Amino acid sequence: SKALSMGATPDSPPGRVAAAITQIQKYFAGEEYDFRKIKIDPGDLPPFRRRLYNELQKVGHGCTVSYKALAEMCEKPGGARAVGMAAGANPLPLLIPCHRIVNADGGLGGFSAAGGVELKARMLRHEGLCVLENQPFRLCQPALLSDIDISSAITCLSESDADLGRFISMAPAFNLRCDNLSSPFQALLEAIVYQQLTGKAAATIFSRLLRLFSDGTSVTPLDIIRASDEELRSAGLSGAKVAAIRDLAEFAASGRLPELKHLQRMSDREIITRLSQIRGIGRWTVEMLLIFKLGRVDVMAADDYGLRKGLAVIRGAQTLPDAKELAREALRWRPFRSIAAWYLWRASEAAKLKAGQVLSLS
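In structure tokens:
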């Protein structure tokens with residue numbers, strides 16, 4: 156204001172800066188954006204801080220990293236305190252997302268930007284993570300099917316979508332049962348084995364694989380690493396699946412596969428991002444794990460053919476919607492999209508059964 160009173164005139168920021176400001180405004184208005192697209196120069200910094208900021212920029216929207224893990228990524232084991240100090244000196248918060256650093260126990264720690272830890276909590280909630288409302292702020296486990304009143308959730312779905320409500324009124328009673336996830340490694344191993352096979356054939360191969368080791372009920376990453384390709388192939392695995400489960404085993408043995416207690420606290424998006432790094436594990440596979448193993452309540456696997464078919468059935472559409480259309484339609488079913496998905500699968504199965512009956516009569 157003093158400069159203006161002396162006759163200075165305000166000037167517009169350069170194009171790249173103006174674009175960054177616009178994206179930041181959109182972010183706080185609710186839009187997801189990958190700020191890694193914006194090239195930044197944090198200035199002349201010591202090597203550790205520059206490396207830290209580079210690693211931080213790789214932590215995407217809806218994901219977090221612990222101070223300890225970030226120190227290890229910067230090849231400075233035991234340097235969690237140094238990470239905290241460097242994050243506190245971050246010259247470009249959000250563009251360098253220091254708000255995504257949390258304590259190993261899920262505590263949010265500190266935040267030096269204006270607004271403090273309350274702003275950090277708000278930003279993480281905006282990105283889809285569950286944060287306890289009251290101090291001290293802490294990441295908490297996302298909602299599970301076992302936590303909610305299923306009848307009330309079904310009523311909400313029926314009221315939010317008349318077409319879905321009509322199908323629900325005629326469909327079998329909701330009975331999605333989640334398998335116990337005793338080991339993230341074994342659950343992903345099973346998922347790889349089951350890909351592109353009938354349930355019966357996959358179960359046979361998985362049983363043979365387990366019998367190669369210990370008591371025939373469990374397997375560890377080191378078991379897979381130590382086994383020869385010939386041993387693994389003898390269970391009925393293809394060469395591609397042998398390569399995939401070896402990559403999974405190496406991923407787990409290196410400490411990159413979260414333990415169950417950490418997996419349970421991670422957001423859906425964070426789990427998808429982390430596990431999709433494994434060879435042979437794509438987004439759809441992780442989404443099935445989220446629903447059927449972890450029991451997450453708000454997952455919609457938009458690429459799934461059965462779900463897309465189910466949407467066409469309840470809408471009475473002649474053409475199959477694409478994944479983007481399903482994802483857009485599914486927004487009205489939040490926060491119970493896993494339950495909606497169960498009914499869409501039932502709709503798809505009902506249509507397939509009806510088509511088969513018509514065919515048998517012709």
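Numbering follows the working numbering, with no gaps: position 62 of the sequence shown is 217. For every residue, glycine included, the Cβ atom is placed at its ideal position computed from N, Cα and C. Quantities reported herein were computed from a predicted structural model and do not represent experimental measurements.
What are the boundary residues of the alpha helix (DSSP H) that includes Ala-328?
Mapped onto the sequence shown, residue 328 falls at position 173. No alpha helix (DSSP H) contains Ala-328, which DSSP labels as neither H nor E.
Among Leu-481, Gly-435, Val-452, the one whose alpha carbon lies nearest that of Ile-305
Within the sequence shown, residue 305 is the residue found at index 150, counting from 1. Of the listed residues, the one whose Cα sits closest to Ile-305 is Val-452.
Measure the alpha-carbon distance for Ala-244 versus Gly-265 and round it to whole angstroms.
On the sequence shown, residue 244 is found 89 positions in, with the first residue counted as 1. On the sequence shown, residue 265 is found 110 positions in, with the first residue counted as 1. Cα-Cα distance, rounded: 12 Å.
Gln-341 - containing alpha helix (DSSP H), residue span
As a working mapping, residue 341 is identified with position 186 in the sequence shown. Note, Gln-341: alpha helix (DSSP H), 339-349.
Leu-387, DSSP secondary structure in three states:
Counting from 1 along the sequence shown, the entry for residue 387 is found at position 232. Correct three-state label for Leu-387: helix.
Below 9 Å between beta carbons: does that hold for Ser-338 and Ser-373?
Counting from 1 along the sequence shown, the entry for residue 338 is found at position 183. Counting from 1 along the sequence shown, the entry for residue 373 is found at position 218. In this structure, Ser-373 lies closer than 9 Å to Ser-338 by Cβ.
Evaluate contact between the region 413-426 and the region 350-362, counting only Cβ atoms and requiring at least three cross-stretch pairs below 8 Å.
no
Just the Cα atoms here: how many angstroms apart are Ala-226 and Leu-508?
By one-based count along the sequence shown, residue 226 stands at place 71. By one-based count along the sequence shown, residue 508 stands at place 353. Rounded to whole angstroms, Ala-226 to Leu-508 spans 55 Å at the Cα level.
With DSSP run on the structure shown, which of helix, strand or coil describes Pro-376?
Along the sequence shown, one-based indexing puts residue 376 at 221. Pro-376 falls in the helix class under three-state DSSP.
Given this structure, state the Cα-to-Cα distance separating Leu-365 from Gln-290, to the nearest angstrom.
As a first step, residue 365 must be located in the sequence shown, where it is residue number 210. As a first step, residue 290 must be located in the sequence shown, where it is residue number 135. Straight-line Cα distance between these residues: approximately 46 Å.
Looking at Ser-389 and Arg-363, is the spacing between their C-beta atoms short of 9 Å?
As a working note, residue 363 is residue 208 in the sequence shown. As a working note, residue 389 is residue 234 in the sequence shown. Contact flag set, yes.
Reducing DSSP to helix, strand and coil, say where Ser-362 ends up.
Looking up residue 362 in the sequence shown gives position 207. Looking at Ser-362 - three-state DSSP - the assignment turns out to be helix.
Would the beta-carbon of Leu-343 fall within 9 Å of that of Ile-436?
As a working mapping, residue 343 is identified with position 188 in the sequence shown. As a working mapping, residue 436 is identified with position 281 in the sequence shown. Yes, they are a contact pair.
Thinking just about the alpha-carbon of each residue, which of Phe-190, Ser-409, Ala-317 is nearest to the one in Trp-488?
Residue 488 sits at position 333 when you count from the first residue of the sequence shown. Checking every option, the nearest Cα to that of Trp-488 belongs to Ala-317.
Out of curiosity, what's the CA-to-CA distance linking Tyr-182 and Arg-205?
Start at 1 with the first residue of the sequence shown, and residue 182 comes out as number 27. Start at 1 with the first residue of the sequence shown, and residue 205 comes out as number 50. Approximately 25 Å, taken between the alpha carbons.
Closest residue to Phe-329 among Ala-346, Lys-231, Leu-300, Pro-197 (Cα-Cα distance)
Within the sequence shown, numbered from 1, the residue matching residue 329 stands at position 174. Comparing Cα-Cα distances from Phe-329 to each of Ala-346, Lys-231, Leu-300, Pro-197, the minimum goes to Leu-300.
Where Ile-433 falls: helix, strand or coil (DSSP)
Here residue 433 corresponds to residue number 278 of the sequence shown, with the count starting at 1. Note: Ile-433 maps to coil in three-state DSSP.
Determine the burial state of Thr-474: buried for a count of at least 16 other Cβ atoms within 10 Å of its Cβ, exposed for fewer.
Locating residue 474 in the sequence shown gives position 319, counting from the first residue. The residue in question, Thr-474, is exposed, as its Cβ has fewer than 16 Cβ neighbours within 10 Å.
In the DSSP assignment, find the alpha helix (DSSP H) that holds Arg-280 and state where it starts and stops.
Residue mapping note: residue 280 aligns to position 125 of the sequence shown, counting from 1. Element bounds for Arg-280: 271-281.
So what does DSSP say about Val-257, is it helix, strand or coil?
The residue you call residue 257 lines up with position 102 of the sequence shown. Here Val-257 sits in strand by DSSP.
Does the count of Cβ pairs from the region 209-219 and the region 250-260 closer than 8 Å reach three?
yes
Just checking my contact of Ala-456 with Leu-449 at CB under 8 Å: how many whole Å lie between their CB atoms?
Residue 456 sits at position 301 when you count from the first residue of the sequence shown. Residue 449 sits at position 294 when you count from the first residue of the sequence shown. That belief does not hold up - the Cβ atoms of Ala-456 and Leu-449 are roughly 14 Å apart, past 8 Å.
When the distance is taken between beta carbons, is Gly-262 closer than 9 Å to Leu-294?
On the sequence shown, position 139 is the one that residue 294 refers to. On the sequence shown, position 107 is the one that residue 262 refers to. Yes, these two residues count as a Cβ contact at 9 Å.
As a quick exercise: from Glu-405, Asp-459, Lys-275, pick the residue whose alpha carbon is nearest that of Ser-503.
In the sequence shown, residue 503 corresponds to position 348, counting from 1. Of the candidates Glu-405, Asp-459, Lys-275, the one whose C-alpha sits nearest the C-alpha of Ser-503 is Asp-459.
For Leu-294, name the three-state secondary structure that DSSP assigns.
Taking the first residue of the sequence shown as position 1, residue 294 is located at position 139. It is a strand residue.
Could you pull out every unbroken beta strand (DSSP E) segment of at least 3 residues lying fully inside the region 456-480, listed in chain order?
none
Indicate whether Leu-207 and Cys-229 have their beta-carbon atoms separated by less than 9 Å.
Indexing the sequence shown from 1 puts residue 207 at position 52. Indexing the sequence shown from 1 puts residue 229 at position 74. For Leu-207 and Cys-229, yes; Cβs fall inside 9 Å.
Please name the residue in Gln-296, Arg-492, Gly-185, Trp-497 whose C-alpha comes closest to that of Leu-415.
If you number the sequence shown from 1, residue 415 lands on position 260. Of the candidates Gln-296, Arg-492, Gly-185, Trp-497, the one whose C-alpha sits nearest the C-alpha of Leu-415 is Gln-296.
Within 10 Å of its beta-carbon, does Pro-169 have 16 or more other beta-carbons around it, so buried, or fewer, so exposed?
Residue 169 sits at position 14 when you count from the first residue of the sequence shown. Pro-169 should be labelled exposed.
Return helix, strand or coil for Ile-323, following the three-state DSSP convention.
Locating residue 323 in the sequence shown gives position 168, counting from the first residue. The answer is helix: DSSP assigns Ile-323 an H, G or I state.
Would Gly-239 be called buried (16 or more neighbouring beta carbons within 10 Å of its own) or exposed?
Taking the first residue of the sequence shown as position 1, residue 239 is located at position 84. So Gly-239 counts as buried.
Enumerate in chain order the residues of its own chain whose CB-to-CB distance from Ile-380 is below 8 Å, with the five nearest sequence positions on each side excluded.
Taking the first residue of the sequence shown as 1, we reach residue 380 at position 225. Hits under 8 Å: Arg-401, Ala-404, Glu-405, Ala-408.
Using a threshold of 9 Å, state whether the C-beta atoms of Ala-495 and Leu-331 are closer than that.
For the purposes of this step, residue 495 is taken as residue 340 along the sequence shown, with counting starting at 1. For the purposes of this step, residue 331 is taken as residue 176 along the sequence shown, with counting starting at 1. No, the Cβ-Cβ distance between Ala-495 and Leu-331 is not below 9 Å.
By Cβ distance below 8 Å, which residues in the same chain neighbour Met-143 in space, the five residues on each side in sequence not counted?
Not covered by the structure: residue 143. The range shown for the chain is 156 to 517.
Between the Cα of Gly-357 and the Cα atoms of Gly-391, Asp-378, Phe-368, Thr-375, which residue gives the shortest distance?
Position 202 of the sequence shown, counted from the first residue, corresponds to residue 357. According to the sequence shown, residue 357 is Ala rather than Gly. Comparing Cα-Cα distances from Ala-357 to each of Gly-391, Asp-378, Phe-368, Thr-375, the minimum goes to Gly-391.
Neighbourhood of Ala-478 by C-beta distance below 6 Å, restricted to the same chain and skipping five residues each side
Locating residue 478 in the sequence shown gives position 323, counting from the first residue. Closer than 6 Å at Cβ, skipping near neighbours: Ala-457, Asp-458.
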